[in-house]
Amino acid sequence: MISKWFELKDKAISLRKDGKSIRDIEEKLGIPRSTLSGWLKNIKLTERQKKVLDRRWRNALVQARKGSLIWHHAEKKKRLELAEKEAQKTLSEVNTKDKSILELALSMLYLGEGSKTGGTTIGNSNPEILLFFVRGMEILYGFESNKVKCDLHLRADQGEIEIKKYWSKKLDIPLKNFTSTSFDKRTIGKKTYEHYKGVCILKYGNIAIQRKLVYLSRQFCEKIIKGG
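The sequence shown maps to residues 21 to 248 in this note's numbering.
Have a look at this one:
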């Protein structure tokens with residue numbers, strides 16, 4: 021049975037001998053690649069033709085990757101925007117003035133990041149997390165930010181005074197409240213990223229609040245686990 025594209029065979033062979041890629045011929049003549057592969061398999065290209073096609077293939081691959089990257093960035097932006105809208109919707113349904121909700125949120129944060137022994141102590145490298153804790157302690161228990169003590173855990177190449185000023189400004193806590201700084205000797209000779217400002221530890225020294233936060237968070241977890 022003669023292929024319906026047979027009358028184009030000579031043209032396809034001629035194009036191949038001119039150094040055209042199978043994709044080029046397929047697009048130009050509308051012949052399926054499977055048919056072209058059979059017709060053209062014995063045609064040898066010159067080294068120069070091979071290099072030209074290889075260069076074109078590599079350039080096309082680069083452009084395809086760029087296009088794919090742009091697409092992925094656009095899709096990621098859409099997903100982030102959707103997540104933000106969903107978060108805003110959930111938050112709009114929450115009474116942020118309800119102190120019981122704030123205390124529950126504070127207790128869950130403390131369960132993950134706070135000390136379970138001694139007084140009420142929590143440490144983190146994220147100023148936003150610690151500022152939330154400071155504000156929560158002020159609203160719920162009347163603690164003033166100038167009463168909390170602060171320790172810093174830094175890397176070897178970080179400047180103590182500079183980092184103290186950073187955390188003091190971020191948390192609105194007086195510099196004099198930063199009482200202790202330790203440096204990690206394991207980081208000697210290693211450069212620290214500019215954005216990393218060490219770990220700041222807030223110490224309230226109130227065992228009663230620590231106990232309440234821990235019990236509240238654990239009992240809440242147990243209630244959810246048991247379906248209550």
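Cβ atoms here follow ideal geometry from the backbone N, Cα and C, with glycine treated the same way.
Please identify the residue among the options whose C-alpha is closest to the C-alpha of residue i.
{"i": "C241", "options": "R43, T207 and A125", "result": "A125"}
{"i": "R238", "options": "W59, L60, E46 and K136", "result": "K136"}
{"i": "L60", "options": "R68, I244, I45 and P194", "result": "I45"}
{"i": "R53", "options": "D38, A32 and T66", "result": "A32"}
{"i": "R231", "options": "K205, L131 and K211", "result": "L131"}
{"i": "E180", "options": "N166, E164 and F198", "result": "F198"}
{"i": "F152", "options": "L129, W25 and G139", "result": "L129"}
{"i": "I193", "options": "F203, Q178, H215 and P147", "result": "P147"}
{"i": "T116", "options": "G58, K246 and L160", "result": "L160"}
{"i": "I183", "options": "K71, G218, G156 and K167", "result": "G218"}
{"i": "K24", "options": "H215, D38, I42 and I51", "result": "I51"}
{"i": "L174", "options": "S165, F203, K185 and G156", "result": "F203"}
{"i": "G58", "options": "A84, S88, F26 and K98", "result": "F26"}
{"i": "T212", "options": "R99, D38 and Q178", "result": "Q178"}
{"i": "N166", "options": "H215, L195 and L89", "result": "L195"}
Report yes or no: is there a C-beta of chain C within less than 8 Å of the C-beta of residue i?
{"i": "C220", "result": "No chain C appears in the structure shown, which is made up of a single protein chain."}
What does the alpha-carbon distance come out to for the pair residue i and residue j?
{"i": "K40", "j": "A80", "result": "15 Å"}
{"i": "A176", "j": "T201", "result": "11 Å"}
{"i": "E101", "j": "I142", "result": "32 Å"}
{"i": "Y235", "j": "C170", "result": "24 Å"}
{"i": "I227", "j": "E158", "result": "16 Å"}
{"i": "Q69", "j": "R36", "result": "10 Å"}
{"i": "D74", "j": "E67", "result": "10 Å"}
{"i": "T207", "j": "L122", "result": "37 Å"}
{"i": "E104", "j": "W91", "result": "20 Å"}
{"i": "G138", "j": "V82", "result": "58 Å"}
{"i": "H93", "j": "R76", "result": "26 Å"}
{"i": "F163", "j": "V154", "result": "8 Å"}
{"i": "K86", "j": "L65", "result": "30 Å"}
{"i": "A107", "j": "V114", "result": "11 Å"}
{"i": "S120", "j": "K205", "result": "42 Å"}
{"i": "L56", "j": "I42", "result": "7 Å"}
{"i": "N144", "j": "L150", "result": "7 Å"}
{"i": "K48", "j": "S112", "result": "58 Å"}
{"i": "S127", "j": "R78", "result": "56 Å"}
{"i": "T110", "j": "K185", "result": "36 Å"}
{"i": "E95", "j": "K246", "result": "38 Å"}
Have a look at the DSSP bridge pairing and note the partners of residue i.
{"i": "D204", "result": "R175"}
{"i": "I221", "result": "G143 and D171"}
{"i": "F198", "result": "C170"}
Here's the rule: buried if 16 or more other CB atoms are within 10 angstroms of the residue's CB, otherwise exposed. What is residue i?
{"i": "G225", "result": "exposed"}
{"i": "L191", "result": "buried"}
{"i": "L28", "result": "buried"}
{"i": "W187", "result": "buried"}
{"i": "L222", "result": "buried"}
{"i": "L233", "result": "buried"}
{"i": "G134", "result": "buried"}
{"i": "I244", "result": "exposed"}
{"i": "I229", "result": "buried"}
{"i": "G209", "result": "exposed"}
{"i": "L172", "result": "buried"}
Exercise. Counting only runs that start and end within the stretch 125 to 181, where is the beta strand (DSSP E) found for 3 or more residues in a row?
Worked result: 141 to 144 and 169 to 175
For this session: Go through the stretch 33 to 109 residue by residue and report every complete run of the alpha helix (DSSP H) that reaches 4 residues or more, in order.
Result: 42 to 49 and 53 to 60
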